[in-house]
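Chemist: These protein sequence lines map, in sequence, to chains P and G. The first sequence begins at 995 in the numbering used here and counts up by one. The second sequence begins at 74 in the numbering used here and counts up by one. Following this message is one structure expressed as C-alpha cells.
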Amino acid sequence: MDAAFLIESAVKVLIVLGFVLLGVPLIVWMERKVIGHMQDRIGPQRVGPFGLLQTIADGIKLFFKEDLIPGQADRVVFFLAPALSVITAFVALSVVPFGDKVTVFGRDVPLHVADVNVAILWVLGTTSMGVYGIVLGGWASNSKYPLLGGLRSSAQMISYELAQGISLVSVILMTGTLSLAGIVAQQEHMWFIVPQFFAFVIFLLCGIAETNRAPFDLPEAETELVAGFHTEYSSMKFALYFLAEYANMMVVSAVAISVFFGGWRGPFLPPVAWFLIKLSLFLFFFVWLRATFPRLRYDQLMAFGWKVLLPASLLNLAVTAIVVALTG
Amino acid sequence: MGEAILFTLFSLSAVAFALGMVFRRNAVHCALHLVGVLLSLSGMFVLLHAQFIAAIQILVYAGAIMVLFLFVVMLLNVKGETPLLTPGSAKGFGFFFAFIAFVELLWIVVSQGGTEGEPAPVPALPPNFGSPAEIGKILYTTWLFPFEVTSILLMIAVVGAVVLAKRKFA
Chain P
995 MDAAFLIESA
1005 VKVLIVLGFV
1015 LLGVPLIVWM
1025 ERKVIGHMQD
1035 RIGPQRVGPF
1045 GLLQTIADGI
1055 KLFFKEDLIP
1065 GQADRVVFFL
1075 APALSVITAF
1085 VALSVVPFGD
1095 KVTVFGRDVP
1105 LHVADVNVAI
1115 LWVLGTTSMG
1125 VYGIVLGGWA
1135 SNSKYPLLGG
1145 LRSSAQMISY
1155 ELAQGISLVS
1165 VILMTGTLSL
1175 AGIVAQQEHM
1185 WFIVPQFFAF
1195 VIFLLCGIAE
1205 TNRAPFDLPE
1215 AETELVAGFH
1225 TEYSSMKFAL
1235 YFLAEYANMM
1245 VVSAVAISVF
1255 FGGWRGPFLP
1265 PVAWFLIKLS
1275 LFLFFFVWLR
1285 ATFPRLRYDQ
1295 LMAFGWKVLL
1305 PASLLNLAVT
1315 AIVVALTG
Chain G
74 MGEAILFTLF
84 SLSAVAFALG
94 MVFRRNAVHC
104 ALHLVGVLLS
114 LSGMFVLLHA
124 QFIAAIQILV
134 YAGAIMVLFL
144 FVVMLLNVKG
154 ETPLLTPGSA
164 KGFGFFFAFI
174 AFVELLWIVV
184 SQGGTEGEPA
194 PVPALPPNFG
204 SPAEIGKILY
214 TTWLFPFEVT
224 SILLMIAVVG
234 AVVLAKRKFA
C-alpha cells in the first residue's frame, strides 16, 4: 500500500462525495421544476438563473433554523439516525464504476473508489443497513406517528429487499461475477436489459420501494402519518434525511445502470459523460413517477411485494438458471 | 503495518461494543451495540481475506436479523428487564460458568500454544481464497451434507413458525 495509492483513493473519495453533495441540490431543483411543469405551474424561478439556486437557498435556510429535539426523545439515537441514513447511502456508491480507466501522471486509474469482488453484496448490505436510519429515527423521536412510519418502512424495505436481491442473482448467474466493474466489462456487445428485462423491471420496482419514493412513499404518507419517521426532525437533521433520500435514488440508479444498461459504455462521448446521461435519465424517471402515480395502500403494497414481485423474481431466476445450465 | 492498525481498531471496537451490549440497560441500545460488534467482526473477516463472509455478515446479520430484533424490541416496548434469577443465584451461576470458560481456555493454551520456540509458519493461501466461487465449490462438494441438513433445519423452523402463528387465531 504505497503513498500514491492512498492519495489516488482519497481523491476519488472526495470526487464521489462532492458529486453527491452537489448533485442532490440539482436533482431537487429538477424535481421541483419538472413536477411544476407537469402540473402546469412554473416551479422555482426567483433565485438564480432558472431558479437554480433555490435548493441552495433552502439548504442555507435549514442550516439556520432552530434545531428542535423532543423532550422525551432518546438523544443519542436521535442524533445517530439521520447520520446513519446518509453514511449508508454514500458508502454504497463507493463500488459503482463511473468510467473506464484513465491515465493520470502515468498511473492507470480505474474510475471507481473500490473494485471489491463482492460489490453487489456490498450495495445490498449497505442499503439494508439504511433501514436502521429510518427505524431508529422513528423510535428515538418517542412519538406515535414517527414510530408507525418507522415500522412501516422497515417492513416495506425488508420485503422488497428480497425480490431485489433475487432479481440481481439472475444477472450474477449469467456473468459469474459479483463485481460491478466485472459486470460492466461483460456488457460490451449487449446490455443485460435485453436478456434480463424482467429482472430489470423487478429491480426497478423494488428500488423505488427501497428509496421510499412515490408511489411507495408509505413511511411518510402525510395524509395519515403527518410526515412519518421524520415528523419530529427539524433543521439540519431533517436536511440529512432529505439528502439521504436523494443519495439513495442515485445509488439505485447507478446500480441499475451498471447491471442492466452497460454502465459507462456508449458511443462517441467519453465514458463519464455516458454515465451522467444515463444517471440523469433515471433520476428524471423517478420524478416522473412521483408526478404520475397516487400512493398505494399499505396492504396493497405488502401484497404486491410478497405475492407478485417475489414469485416473479424466483420464476425469472429459475428460467435463467435452466437456460444457463443448458447453454453453459 | 496497516493490517496491524486495522486489526487493533476493529478488535478494540468489537470489545467495546460487546461490553456496551452487556452493560446497557435499554434493550434498543443493546441491540445497536450488537450491530456494532457484527460490523467490527465483518471488518476482521476482510482482514482474513474472507470478503464474501464479511459481506454476508453485514447483509444477513446486521442488515436483516438485527433489524427484526429491533423491530420486536420496539414493538414490545420493553421498559426494564424483570430478573429471571435472584441477584445472589445469578452471581453464583455467573461465577460457575466463568470458571468453566476459564478452565477451557487454559486447557487450550496449555495443550497447544504452550510449546517453546518458533510459532508454526502460516500456510500460504490458495489463489482466490475466500472468493464466492471458491466458497460455493467447497460448500457443494466437501460440505454438502451439513449444508443440506442446515437448510432442512431452517425449513422446519419456518414451517414451525407458521404453524404456531396460525394456531393462535384459529
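For glycine and all other residues, C-beta sits at the position ideal for the given N, C-alpha and C. Because the structure is a prediction, the values reported are computed rather than measured.
Any C-beta of chain P sitting closer than 8 Å to the C-beta of Pro205/G?
Modeler: Answer yes: the Cβ-Cβ gap between Pro205/G and chain P drops below 8 Å somewhere.
Chemist: Mind pulling the chain P residues with CB within less than 9 Å of Ala135/G?
Modeler: Gly1119, Ser1122, Met1123, Tyr1126
Chemist: From which residue to which residue does the beta strand (DSSP E) around Val1098/P run?
Modeler: 1096-1098
Chemist: Return helix, strand or coil for Asp1052/P, following the three-state DSSP convention.
Modeler: helix
Chemist: Can the beta-carbon of Ser1122/P be found less than 8 Å from the beta-carbon of Gly136/G?
Modeler: yes
Chemist: Are the segment 1237-1246 of chain P and the segment 1302-1316 of chain P in contact at 8 Å, needing three or more beta carbon pairs?
Modeler: no
Chemist: Would you please state the rounded distance, in angstroms, between the beta carbons of Ser1307/P and Ala1157/P? I believe it to be under 8 Å.
Modeler: 5 Å
Chemist: Strictly below 9 Å CB to CB, what residues from chain G border Leu1167/P?
Modeler: Within chain G, no residue comes near Leu1167/P; the closest Cβ sits about 12 Å away, beyond 9 Å.
Chemist: Flag Phe125/G as yes if its beta-carbon sits less than 8 Å from any beta-carbon of chain P, otherwise no.
Modeler: yes
Chemist: Do you know how far the Cα of Phe1223/P is from the Cα of Pro1043/P?
Modeler: 34 Å
Chemist: Alpha carbon to alpha carbon, what distance is there between Leu111/G and Gln124/G?
Modeler: 14 Å
Chemist: Could you tell me which chain P residues have their CB closer than 7 Å to the CB of Ala128/G, listed as they occur along the chain?
Modeler: Val1112, Leu1115, Trp1116, Gly1119
Chemist: Could you please give me the residues that DSSP links to Asp1102/P through a beta bridge?
Modeler: Thr1097/P
Chemist: Residues in the same chain with beta-carbon distance under 7 Å from Val1163/P, minus the five sequence neighbours each way, listed in chain order, please.
Modeler: Leu1311
Chemist: Between which two residues does the alpha helix (DSSP H) holding His106/G run?
Modeler: 100-120
Chemist: Reducing DSSP to helix, strand and coil, say where Ser224/G ends up.
Modeler: helix
Chemist: Is it right to say Asp1211/P is buried, meaning 16 or more other beta carbons lie within 10 angstroms of its own, or is it exposed?
Modeler: buried
Chemist: Taking the alpha-carbon of Val1007/P as reference, which of Ala998/P, Phe1279/P, Leu1087/P has the nearest alpha-carbon?
Modeler: Leu1087/P
Chemist: For the segment 1191-1229 of chain P, which segments carrying the alpha helix (DSSP H) assignment without a break, of at least 4 residues, lie completely within its bounds, in sequence order?
Modeler: 1191-1204, 1216-1219
Chemist: Using a Cβ cut-off of 7 Å, which residues of the segment 1153-1178 of chain P contact any Cβ in chain G, in chain order?
Modeler: Leu1172
Chemist: Are the Cβ atoms of Phe1254/P and Gln1180/P separated by less than 8 Å?
Modeler: Going by C-beta atoms, Phe1254/P is not nearer than 8 Å to Gln1180/P.
Chemist: Should Ser113/G be labelled buried (16 or more other beta-carbon atoms within 10 Å of its own) or exposed?
Modeler: buried
Chemist: Is the segment 1091-1098 of chain P touching the segment 1126-1140 of chain P, taking contact as three or more C-beta pairs under 8 Å?
Modeler: no
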